[in-house]
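Taking it in order: structure first as structure tokens, then the write-up.
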Amino acid sequence: MAALTGTRVLSRALVVTPNLGTWRGLMTTAAVRATPRSAVDDVKVEGAFPVTMLPGDGVGPELMHAVKEVFKAASVPVEFQEHHLSEVQNMASEEKLEQVLSSMKENKVAIIGKIHTPMDTEYKGDLASYDMRLTYETRHNNLDLVIIREQTEGEYSSLEHESARGVIECLKIVTRAKSQRIAKFAFDYATKKGRGKVTAVHKANIMKLGDGLFLQCCEEVAELYPKIKFETMIIDNCCMQLVQNPYQFDVLVMPNLYGNIIDNLAAGLVGGAGVVPGESYSAEYAVFETGARHPFAQAVGRNIANPTAMLLSSSNMLRHLNLEYHSNMIAEAVKKVIKMGKVRTRDMGGYSTTSDFIKSVISHLHPPHGG
Numbered sequence: 001m002a003a004l005t006g007t008r009v010l011s012r013a014l015v016v017t018p019n020l021g022t023w024r025g026l027m028t029t030a031a032v033r034a035t036p037r038s039a040v041d042d043v044k045v046e047g048a049f050p051v052t053m054l055p056g057d058g059v060g061p062e063l064m065h066a067v068k069e070v071f072k073a074a075s076v077p078v079e080f081q082e083h084h085l086s087e088v089q090n091m092a093s094e095e096k097l098e099q100v101l102s103s104m105k106e107n108k109v110a111i112i113g114k115i116h117t118p119m120d121t122e123y124k125g126d127l128a129s130y131d132m133r134l135t136y137e138t139r140h141n142n143l144d145l146v147i148i149r150e151q152t153e154g155e156y157s158s159l160e161h162e163s164a165r166g167v168i169e170c171l172k173i174v175t176r177a178k179s180q181r182i183a184k185f186a187f188d189y190a191t192k193k194g195r196g197k198v199t200a201v202h203k204a205n206i207m208k209l210g211d212g213l214f215l216q217c218c219e220e221v222a223e224l225y226p227k228i229k230f231e232t233m234i235i236d237n238c239c240m241q242l243v244q245n246p247y248q249f250d251v252l253v254m255p256n257l258y259g260n261i262i263d264n265l266a267a268g269l270v271g272g273a274g275v276v277p278g279e280s281y282s283a284e285y286a287v288f289e290t291g292a293r294h295p296f297a298q299a300v301g302r303n304i305a306n307p308t309a310m311l312l313s314s315s316n317m318l319r320h321l322n323l324e325y326h327s328n329m330i331a332e333a334v335k336k337v338i339k340m341g342k343v344r345t346r347d348m349g350g351y352s353t354t355s356d357f358i359k360s361v362i363s364h365l366h367p368p369h370g371g
């Protein structure tokens with residue numbers, strides 16, 4: 001679950017990507033090194049919840065520092081087990097990767113930055129990550145929509161081969177089981193959160209079998225939720241409608257590639273990659289990250305990255321851990337800083353540094369609603 005925030009009036013949209021499956025497909029080629037534990041870096045509280053932390057590439061480590069500083073100031077009972085994965089570094093270790101996977105399997109909860117895959121990385125049959133370079137200004141205020149994306153199949157199954165010289169075939173995998181699962185997740189989410197409509201996004205007019213199966217599964221699941229309005233929309237029209245009138249949407253559910261495109265488009269509607277938190281779920285694990293996966297490598301070391309998305313993601317993580325008090329405290333502090341408008345990073349139309357933003361959030365950490 002994620003929140004999109006505008007630069008003037010806080011706006012919200014969730015980027016939810018259930019059904020992680022296993023993390024091996026996402027990170028097999030990544031270089032991994034464990035960060036030595038220290039009293040400065042880790043939040044150590046008696047009875048603390050262990051959480052796996054992967055800072056990622058680009059400004060990821062700086063954003064994770066922001067999370068640790070705010071958690072420390074708020075006395076959040078979480079202990080981070082920090083590891084580093086990077087495909088930018090020219091090394092890889094299956095053994096070290098297993099350490100990260102073991103940490104995630106044990107803790108069940110992780111917070112991660114963007115793991116950047118260089119364009120010249122040799123293809124090894126793994127699920128590829130991707131570089132996103134987005135710079136947007138806020139176009140809409142008070143926007144509240146939810147994007148739910150299947151994340152284990154579709155075009156990202158990495159089943160590619162050269163059938164003839166100069167001819168590449170890429171297989172798109174769509175299964176009934178995962179289409180039904182993501183559809184049910186969307187309707188269950190809408191029911192739980194009191195939302196009234198689910199829109200299935202597809203291209204079944206062209207991909208009649210693949211997207212046709214996805215659409216059929218959504219229609220079948222929709223019949224089980226008569227109180228939730230159900231609509232369908234072709235992906236290209238959905239992109240146009242999101243730009244023209246995003247307020248018509250409530251919950252959107254879609255296959256993998258469309259979700260990748262739409263969650264970044266939606267982020268652009270309300271301020272860009274720096275303000276959009278996201279979450280990924282499987283049956284066992286929950287991973288919290290920024291909604292638009294953008295390493296922002298050009299900002300590394302310049303103290304200008306916007307920590308809003310990562311802080312809101314960390315707040316959502318605390319809510320997942322049933323730490324409602326600390327979750328609300330941090331979320332409300334971030335919202336107050338944005339609403340006041342005195343401290344804004346460059347992407348939000350200001351000149352404040354990352355450090356300025358962190359200090360301002362910490363100064364606004366108060367018991368939520370006087371509690």
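First residue of the sequence shown: 1, per the UniProt record's numbering; consecutive thereafter. Glycine included, every Cβ here is placed at the ideal spot set by N, Cα and C. None of these values were measured; they are calculated from a predicted model.
- Taking C-beta separations shorter than 6 Å and ignoring five residues to either side along the sequence, the partners of Met233 in its chain run Thr199 and Val201, following chain order.
- Counting every other CB atom within 10 Å of its CB across the protein chains shown gives Ser179 a total of 16 or more, marking it as buried.
- Shortest Cα-Cα distance from Pro55 to any of Phe71, Ser103, Ile115 and Ser157 involves Ile115.
- Between Asn322 and Phe288, the CB-CB gap reaches or exceeds 9 Å.
- Residue pairing for Pro255: DSSP places it in no beta bridge.
- Sixteen is the threshold: since fewer than 16 other Cβ atoms of the shown chains lie within 10 Å of the Cβ of Val243, the residue is exposed.
- When only Cα atoms are considered, Phe249 and Glu219 end up about 18 Å apart.
- Scanning the region 204 to 263 for uninterrupted alpha helix (DSSP H) segments of 4 residues or longer gives 210 to 222 and 235 to 244, listed from N- to C-terminal end.
- Here the alpha carbons of Gly47 and Pro246 stand approximately 43 Å from one another.
- Three or more beta-carbon pairs separated by less than 8 Å link the region 327 to 341 to the region 362 to 369, which places the two stretches in contact.
- Annotation: the continuous beta strand (DSSP E) that includes Leu54 extends over Phe49 to Leu54.
- Judged by pairs of C-beta atoms under 8 Å, the region 271 to 282 touches the region 304 to 311, as three or more such pairs exist.
- DSSP places Asp144 within a strand segment (E or B) once states are collapsed to three.
- Assignment of beta-bridge partners to Phe80 by DSSP yields Val51.
- Assignment of Val300 by DSSP, reduced to helix, strand and coil, places it in the coil class.
- Of the residues assessed, Asn260 falls on the buried side of the cut-off, its CB having 16 or more other CB atoms within 10 angstroms.
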